[in-house]
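A.B. asks: Input: one structure, supplied below.
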Amino acid sequence: MAFNTRTKTHKRHHLSLLSQRVSDIAPSGIRKFFDLLASMDGVISLGIGEPDYPTPYHIRESAIASIEKGYTMYTSNLGMPELRHELSGYLNQKYNLKYNPDNQILITVGVSEAMDLAARALLNPGDEVLIPDPCYVSYSPCVVLAGGCPVMIPTSQENNFEVSAEAVESLITNKTKAIILGYPANPTGTVMPREKLLEIARLACHYGLIIISDEIYSQLVYQCEHTCIATLPGMVERTVFLGGFSKAYAMTGWRIGYAVAPENIIAAMTKIHQYTIMSAPTMSQVAAIEALKHGDSSAGEMVADYDKRRLIMVKGLNDIGLSCFKPKGAFYAFPSIKSTGMTSEEFAQRLLVEEKVAVVPGNAFGSCGEGYVRCCYATSLKELYQALERMENFVRHPGISSK
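Under this note's numbering, the first residue of the sequence shown is numbered -7, with each subsequent residue one higher.
Here is the structure:
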């Protein structure tokens, strides 16, 4: 009898083995729709945030050559020295930032790993992190998984989803440790003006805060300039600058990114990285070297093409009654669907089922994204026009209200 009692207790114990912190995090709102998308034929996807171009051939060829030569071993935890030196030179040339490739640059498995490492390296339990709303879906979960507390900074279409220094300062407490910024922004396409970033930088210096800056879309800007926040006065020593190759060089599946920061922060991030990842894939690092050395021409051509699609997408959405401000970066439009009377999830699900167009509901990116959907225009012009036609049919259906 005693044995049976212990067995039952043991089983009850196993029911609570999952981490409460993990259990409390909702699954990605993006992936839920792509599970449904995978089971349907004839769908035009404006949902997946990746280039529709293949990786340029010379970049692929460099990785193939590295495999053929047997370059398949682990690299340094920090990443290949040649790649770190190329990155150091690239950042110096582009932004006049001087980072030591030996101890201030870490090569990661995409920017997603870099964000996770930064949160875990910086945060103690209960530390607060300010995050714009809406924002990329991983920011808040990364903070939670590191034991921190995300505090959302509301933004709106009326101010082009830009973060104001006033809104930031109103949320700072004695528990605030960092601010996460992601510009050019996913999902809105917002590019923060330099003067607004200067105001936030002054707050960071005044209150002793760290900025974690996700700049994966830094090369995808249109008729404006991207400001790297680490270049602003007093910010190089308090910025964790995250970048990568996925978007500009059409290298999403290669999973290669980087973090640059003060030496003590990179050392802490590397400590976590070496125990969990070891090193980024060797052949992907070789491809990244080739992208830095010879990839600017291909990247520029893709950006020029995205710009054309951007204008077509925004005009098309506004013409059919879905109010959309003109994004200045990345490759997303973020139209309001409030005129339809539907929630973001209802709109996205019905559009997918009824017209076979996939978009992402705006509330997947935060509560301020409710009433919007994300449309990725990194797709062919033919499909873009077809998607707009189908969306017009959907929006102007007799059953859809127009407020």
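Just so it is clear, CB atoms sit at the ideal spot from N, CA and C, and this is done for glycine as well.
#1: Indicate whether Y91 and S80 have their beta-carbon atoms separated by less than 7 Å.
#2: Do the CB positions of K167 and E229 come within less than 7 Å of each other?
#3: So what does DSSP say about M(-7), is it helix, strand or coil?
#4: What are the complete alpha helix (DSSP H) segments, minimum 4 residues, inside the region 261 to 333?
#5: Straight-line CA distance for A379 to I123?
#6: Decide if F(-5) is buried, meaning its Cβ has at least 16 other Cβ atoms within 10 Å, or exposed.
#7: Rounded to whole angstroms, how far is the Cβ of E78 from the Cβ of L284, which I believe are closer than 8 Å?
#8: DSSP state of D44, grouped into three classes?
#9: Using alpha carbons as the reference points, say which of Y45, R302, R13 lies closest to Y241.
#10: Taking the alpha-carbon positions, what's the D108 to S132 distance?
#11: In the DSSP output, which residue or residues are listed as bridge partners for T100?
#12: Is it true that the CB of S372 sits closer than 7 Å to the CB of G354?
#13: DSSP three-state call for M184: helix, strand or coil?
#14: So, are the CB atoms of A222 and L75 less than 7 Å apart?
#15: Quick one: is R301 buried, meaning 16 or more other Cβ sit within 10 Å of its Cβ, or exposed?
#16: Across which residues does DSSP place Y364 in a beta bridge pair?
#17: May I ask you to report which of helix, strand or coil DSSP gives S148?
#18: Is the beta carbon of G181 closer than 7 Å to that of G321?
#19: State whether the region 302 to 321 contacts the region 208 to 221, with contact taken as three or more CB pairs (one from each stretch) at a distance under 8 Å.
#20: In terms of residues, what are the limits of the beta strand (DSSP E) holding G236?
#21: Just mark Y49 as buried or exposed, buried being the case when its beta carbon has 16 or more other beta carbons within 10 Å.
#22: Work out the CA separation of S130 and V278 for me, nearest whole Å.
#23: Who are C141's beta bridge partners in DSSP?
#24: Answer yes or no: do L195 and V160 have a C-beta to C-beta separation smaller than 7 Å?
#25: N84 to V14, Cα distance in whole Å?
#26: Where does P353 sit, in a helix, a strand or coil, going by DSSP?
#27: Go to I51, then tell me how far its alpha helix (DSSP H) extends in each direction, as first and last residue.
#28: Where M383 and N178 are concerned, what is the direct C-alpha to C-alpha distance, given to the nearest angstrom?
#29: Smallest Cα separation from G71: which of G174, S54, Y82, Q96?
#30: Any chance the region 251 to 270 sits against the region 99 to 106, with 3 or more Cβ pairs inside 8 Å?
#31: How is D16 classed by DSSP in three states: helix, strand or coil?
#32: Measure the alpha-carbon distance for V352 versus K61 and round it to whole angstroms.
#33: CB-CB under 6 Å to E375, same chain, minus the five flanking residues each way: which ones, in chain order?
#34: What three-state label does DSSP hand S11 in the structure shown?
#35: Would you list the residues sitting across from S37 in a DSSP beta bridge?
C.D. replies: On the basis of the coordinates in this document:
#1: By 1-based counting over the sequence shown, the position of residue 91 is 99. By 1-based counting over the sequence shown, the position of residue 80 is 88. Contact: yes.
#2: Along the sequence shown, read from residue 1 onward, the residue named residue 167 stands at position 175. Along the sequence shown, read from residue 1 onward, the residue named residue 229 stands at position 237. Cβ atoms of K167 and E229: not closer than 7 Å.
#3: Position 1 of the sequence shown, counting from 1, holds the residue named residue -7. Low confidence applies here, because M(-7) scores a pLDDT of 47, under 50, leaving its location unreliable; read the following figure in that light. The answer is coil: DSSP assigns M(-7) none of H, G, I, E or B.
#4: The alpha helix (DSSP H) runs lying completely inside the region 261 to 333 and spanning 4 residues or more are 274 to 286, 288 to 311, given in chain order.
#5: Numbered from its first residue, the sequence shown carries residue 379 at position 387. Numbered from its first residue, the sequence shown carries residue 123 at position 131. Between the C-alpha atoms of A379 and I123 there is a straight-line separation of about 32 Å.
#6: If you number the sequence shown from 1, residue -5 lands on position 3. Legend: pLDDT at F(-5) = 49, less than 50; position of this residue unreliable, value from coordinates given subsequently. With fewer than 16 other Cβ atoms within 10 Å, it is exposed.
#7: For the purposes of this step, residue 78 is taken as the residue at position 86 of the sequence shown. For the purposes of this step, residue 284 is taken as the residue at position 292 of the sequence shown. Indeed they touch by this definition, with Cβ atoms about 4 Å apart.
#8: Against the sequence shown, residue 44 aligns to sequence position 52. Per DSSP, reduced to three states, the secondary structure at D44 is coil, with no helix or strand assignment.
#9: The residue given as residue 241 occupies position 249 in the sequence shown. Closest option to Y241, judged by alpha-carbon separation, among Y45, R302, R13: Y45.
#10: Your numbering for residue 108 matches position 116 in the sequence shown. Your numbering for residue 132 matches position 140 in the sequence shown. Counting only the Cα atoms, S132 lies some 10 Å from D108.
#11: Position 108 of the sequence shown holds residue 100. Within the DSSP bridge table, the entry for T100 names G249 as partners.
#12: Walking along the sequence shown from the start, residue 354 turns up at place 362. Walking along the sequence shown from the start, residue 372 turns up at place 380. The Cβ-Cβ distance between G354 and S372 does not fall below 7 Å.
#13: Taking the sequence shown and counting its residues from 1, one reaches residue 184 at position 192. In this structure, M184 counts as coil in the three-state DSSP scheme.
#14: Locating residue 222 in the sequence shown gives position 230, where the first residue counts as 1. Locating residue 75 in the sequence shown gives position 83, where the first residue counts as 1. No. Outside cutoff.
#15: Looking up residue 301 in the sequence shown gives position 309. With at least 16 other beta carbons inside 10 angstroms of its own, R301 counts as buried.
#16: The residue labelled residue 364 in the question sits at position 372 within the sequence shown. The partner list for Y364 (beta bridge, DSSP) reads S328.
#17: Taking the first residue of the sequence shown as 1, we reach residue 148 at position 156. Taken through DSSP and simplified to helix, strand or coil, S148 comes out as coil.
#18: Taking the first residue of the sequence shown as 1, we reach residue 321 at position 329. Taking the first residue of the sequence shown as 1, we reach residue 181 at position 189. Remark: C-beta atoms of G321 and G181 approach each other more closely than 7 Å.
#19: Contact holds: three or more Cβ-Cβ distances are below 8 Å.
#20: As a working note, residue 236 is residue 244 in the sequence shown. Boundaries of the beta strand (DSSP E) around G236: 231 to 236.
#21: On the sequence shown, position 57 is the one that residue 49 refers to. Counting other Cβ atoms within 10 Å of its Cβ, Y49 stays below 16 and is therefore classed as exposed.
#22: For the purposes of this step, residue 278 is taken as the residue at position 286 of the sequence shown. For the purposes of this step, residue 130 is taken as the residue at position 138 of the sequence shown. Distance between the alpha carbons of V278 and S130: 27 Å.
#23: Counted from its first residue, the sequence shown places residue 141 at position 149. Note: C141 sits in a beta bridge opposite E120.
#24: Taking the sequence shown and counting its residues from 1, one reaches residue 195 at position 203. Taking the sequence shown and counting its residues from 1, one reaches residue 160 at position 168. Yes.
#25: As a position in the sequence shown, residue 84 is number 92, starting the count at 1. As a position in the sequence shown, residue 14 is number 22, starting the count at 1. The alpha-carbon separation between N84 and V14 amounts to approximately 39 Å.
#26: Position 361 of the sequence shown holds residue 353. It is a strand residue.
#27: Indexing the sequence shown from 1 puts residue 51 at position 59. Following the DSSP letters along the chain, one finds I51 inside the alpha helix (DSSP H) bounded by residues 49 to 60.
#28: Numbered from its first residue, the sequence shown carries residue 383 at position 391. Numbered from its first residue, the sequence shown carries residue 178 at position 186. The alpha-carbon atoms of M383 and N178 are separated by roughly 22 Å.
#29: Here residue 71 corresponds to residue number 79 of the sequence shown, with the count starting at 1. For G71, the nearest C-alpha among the options comes from Q96.
#30: Yes, the region 251 to 270 is in contact with the region 99 to 106.
#31: Translated into the one-based positions of the sequence shown, residue 16 becomes position 24. Note: D16 maps to coil in three-state DSSP.
#32: What you label residue 352 is simply residue 360 of the sequence shown in a count that begins at 1. What you label residue 61 is simply residue 69 of the sequence shown in a count that begins at 1. Whole-angstrom Cα-Cα distance: 42 Å.
#33: To locate residue 375, count along the sequence shown from 1; it is residue 383. If you ignore the 5 residues before and after E375, its C-beta comes within less than 6 Å of the C-beta of I36, all in its own chain and listed in chain order.
#34: Translated into the one-based positions of the sequence shown, residue 11 becomes position 19. Judged by DSSP in its simplified three-state form, S11 adopts coil rather than helix or strand.
#35: Locating residue 37 in the sequence shown gives position 45, counting from the first residue. DSSP output for S37 lists A350 as bridge partner(s).
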